[in-house]
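Participant: Convert by adding 7 to the 1-based position in the sequence shown; the result is the number in the working numbering.
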Amino acid sequence: MAVVKMKDLLEAGVHFGHRTRRWHPKMKPYIFTERNGIHIIDLQQTMSMIDVAYNRTRSVVASGGTVLFVGTKKQAQQSIQEAAESSSMPYINNRWLGGTLTNFRTIRQRVDYMIKLEQQRDRGDFERLTKKEALELNRLIARLEARLGGLREMRRLPDLVFITDVNRDDIAVKECNKLDIPIVAMVDTNCDPDPIELIIPANDDAIRAIRLISGVIAQAAADGGHMREVV
Numbered sequence: 008m009a010v011v012k013m014k015d016l017l018e019a020g021v022h023f024g025h026r027t028r029r030w031h032p033k034m035k036p037y038i039f040t041e042r043n044g045i046h047i048i049d050l051q052q053t054m055s056m057i058d059v060a061y062n063r064t065r066s067v068v069a070s071g072g073t074v075l076f077v078g079t080k081k082q083a084q085q086s087i088q089e090a091a092e093s094s095s096m097p098y099i100n101n102r103w104l105g106g107t108l109t110n111f112r113t114i115r116q117r118v119d120y121m122i123k124l125e126q127q128r129d130r131g132d133f134e135r136l137t138k139k140e141a142l143e144l145n146r147l148i149a150r151l152e153a154r155l156g157g158l159r160e161m162r163r164l165p166d167l168v169f170i171t172d173v174n175r176d177d178i179a180v181k182e183c184n185k186l187d188i189p190i191v192a193m194v195d196t197n198c199d200p201d202p203i204e205l206i207i208p209a210n211d212d213a214i215r216a217i218r219l220i221s222g223v224i225a226q227a228a229a230d231g232g233h234m235r236e237v238v
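1. Quick check: what's the CA-CA separation for aspartate 129 versus lysine 123?
2. In the DSSP assignment, what residue or residues form a beta bridge with phenylalanine 111?
3. The beta strand (DSSP E) spanning threonine 305 covers which residue range?
4. With a threshold of 7 Å on Cβ separation, who are the neighbours of asparagine 184 within its own chain once the five nearest residues in sequence on each side are excluded?
5. Can the beta-carbon of isoleucine 87 be found less than 8 Å from the beta-carbon of threonine 171?
6. Relative to the C-alpha of glutamine 51, which residue among Gly156, Val11 and Ile190 is closest?
7. Run the CB neighbour count on threonine 113, radius 10 Å, all protein chains shown included, and call it buried at 16 or more, exposed below.
8. Give me the Cβ distance between glycine 72 and aspartate 166, rounded to the nearest whole Å; I'm assuming they're in contact under 8 Å.
9. Which word fits glutamine 82, buried or exposed, when buried means at least 16 other C-beta atoms lie within 10 angstroms of its C-beta?
10. Mind listing, in chain order, the continuous beta strand (DSSP E) runs of no fewer than 3 residues lying wholly within the region 35-85?
11. Label aspartate 119 either buried or exposed according to how many other C-beta atoms from any shown protein chain fall within 10 Å of its C-beta, with 16 as the threshold for buried.
12. Return helix, strand or coil for valine 118, following the three-state DSSP convention.
13. Rounded to whole angstroms, how far is the Cβ of proline 239 from the Cβ of methionine 54, which I believe are closer than 8 Å?
14. Once you ignore the five residues that flank aspartate 230 on each side, which residues in its own chain have a CB closer than 6 Å to its CB?
15. Could you check whether leucine 219 and valine 21 sit closer than 8 Å to each other, using their CB atoms as the reference points?
16. Return the residue from the list Ala213, Arg162, Ala228 and Val237 that minimises the CA-CA distance to tyrosine 61.
17. If I follow the unbroken alpha helix (DSSP H) through valine 223, where does it start and stop?
18. Helix or strand or just coil, what does DSSP make of arginine 146?
19. What does DSSP give as the partner residues of phenylalanine 169 in its beta bridges?
20. Pick helix, strand or coil for leucine 151, following the three-state DSSP scheme.
21. Assuming the contact rule is C-beta atoms closer than 8 Å, alanine 90 and glycine 222 should be a hit. Round their C-beta distance to whole Å, please.
22. Taking isoleucine 224 as the reference, which of Gly131, Phe76, Phe133 and Leu17 has the closest Cα?
23. Quick one: any contact between the region 30-43 and the region 131-148, if contact means 3 or more CB pairs under 8 Å?
Given below as structure tokens:
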């Protein structure tokens with residue numbers, strides 16, 4: 008049985024691609040037709056690829072792996088955070104910092120520094136500082152939390168990365184490719200599918216489409232976590 012029903016994909020607008028003049032030729036096999044200057048994605052293929060992505064994600068987590076959720080554009084930010092938190096997985100939904108994966112040790116040091124500052128604040132240590140010093144540290148914490156808050160529990164490189172827009176988060180794609188970290192991604196008709204191991208042909212601009220598919224990946228991660236607990 009399919010993980011997602013065709014009706015749900017249609018209602019979420021997963022089938023709407025980009026204008027035909029903005030297409031990427033390598034997405035041709037995943038395009039069903041053209042309507043009013045818009046490419047329509049073949050949802051039969053989307054359904055089958057969602058099934059593959061679900062099984063792969065569940066298997067990775069069941070084996071003790073971690074999935075990093077990535078979606079930094081406005082339409083994806085809330086869905087990515089909710090999906091990752093629901094499955095106890097790390098996420099990036101604000102801005103991808105260059106070197107997040109390829110220079111992970113430095114990024115982890117920044118995360119640890121953020122946690123240290125939070126602990127000092129919560130203990131009341133900032134009360135001994137001047138108002139200006141405390142304000143500057145609180146602003147620094149807010150900046151670090153916005154950019155790195157979703158990584159606080161990620162102690163090592165992820166085993167799989169889920170990306171909602173491979174054009175917007177192209178640096179994430181490049182870093183994963185460099186480190187041979189497999190990617191599951193929503194790939195719209197204007198994207199190059201080649202760097203992505205498991206593509207899900209889908210509208211990557213509609214909030215409902217992003218929420219639906221990121222929710223499926225989150226459920227797969229959660230199910231994998233339950234399998235790990237049972238074993």
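Where a beta carbon is used, it is the ideal one built from N, C-alpha and C, also for glycine.
Facilitator: According to the structure shown:
1. Position 122 of the sequence shown, counted from the start, is the residue given in the question as residue 129. Position 116 of the sequence shown, counted from the start, is the residue given in the question as residue 123. Taking the straight line joining both Cα atoms gives about 10 Å.
2. Looking up residue 111 in the sequence shown gives position 104. Phenylalanine 111 is not bridged to any residue.
3. Since the first residue shown for the chain is 8 and the last is 238, residue 305 is missing from the structure and cannot be characterised.
4. In the sequence shown, the residue the question calls residue 184 occupies position 177. Within the same chain, asparagine 184 has close Cβ partners Pro202.
5. By one-based count along the sequence shown, residue 87 stands at place 80. By one-based count along the sequence shown, residue 171 stands at place 164. Yes.
6. Numbered from its first residue, the sequence shown carries residue 51 at position 44. Closest in alpha carbon position to glutamine 51, among Gly156, Val11 and Ile190, is Val11.
7. Numbered from 1 along the sequence shown, position 106 holds the residue referred to as residue 113. Answer is exposed; the Cβ neighbour count stays below 16.
8. Taking the sequence shown and counting its residues from 1, one reaches residue 72 at position 65. Taking the sequence shown and counting its residues from 1, one reaches residue 166 at position 159. Confirmed, about 3 Å.
9. Translated into the one-based positions of the sequence shown, residue 82 becomes position 75. Burial check for glutamine 82: the Cβ neighbour count within 10 Å reaches 16 or more, so the residue is buried.
10. Complete beta strand (DSSP E) runs here, min 3: 38-42, 45-48 and 74-77.
11. Position 112 of the sequence shown, counted from the start, is the residue given in the question as residue 119. Flag for aspartate 119 reads exposed.
12. As a working note, residue 118 is residue 111 in the sequence shown. The DSSP-derived three-state label of valine 118 is helix.
13. Any answer about residue 239 is impossible in this case: the structure gives the chain only from 8 up to 238.
14. Looking up residue 230 in the sequence shown gives position 223. Cβ neighbours of aspartate 230 beyond the five flanking positions: Arg65.
15. Translated into the one-based positions of the sequence shown, residue 21 becomes position 14. Translated into the one-based positions of the sequence shown, residue 219 becomes position 212. Yes. Within cutoff.
16. Translated into the one-based positions of the sequence shown, residue 61 becomes position 54. Comparing C-alpha distances from tyrosine 61 to each of Ala213, Arg162, Ala228 and Val237 shows the shortest one belongs to Ala228.
17. Sequence index remark: in the sequence shown, residue 223 carries index 216 (1-based). It spans 214-237 - the alpha helix (DSSP H) in which valine 223 sits, taken as one unbroken run.
18. What you label residue 146 is simply residue 139 of the sequence shown in a count that begins at 1. The answer is helix: DSSP assigns arginine 146 an H, G or I state.
19. Taking the sequence shown and counting its residues from 1, one reaches residue 169 at position 162. The partner list for phenylalanine 169 (beta bridge, DSSP) reads Phe76 and Val191.
20. Within the sequence shown, residue 151 is the residue found at index 144, counting from 1. The answer is helix: DSSP assigns leucine 151 an H, G or I state.
21. As a position in the sequence shown, residue 90 is number 83, starting the count at 1. As a position in the sequence shown, residue 222 is number 215, starting the count at 1. Indeed, because the Cβ distance is near 6 Å, the residues count as touching under 8 Å.
22. Stepping through the sequence shown from its first residue, residue 224 is reached at position 217. Measuring C-alpha to C-alpha distances from isoleucine 224 to each of Gly131, Phe76, Phe133 and Leu17 identifies Phe76 as the nearest.
23. Segments in contact, no.
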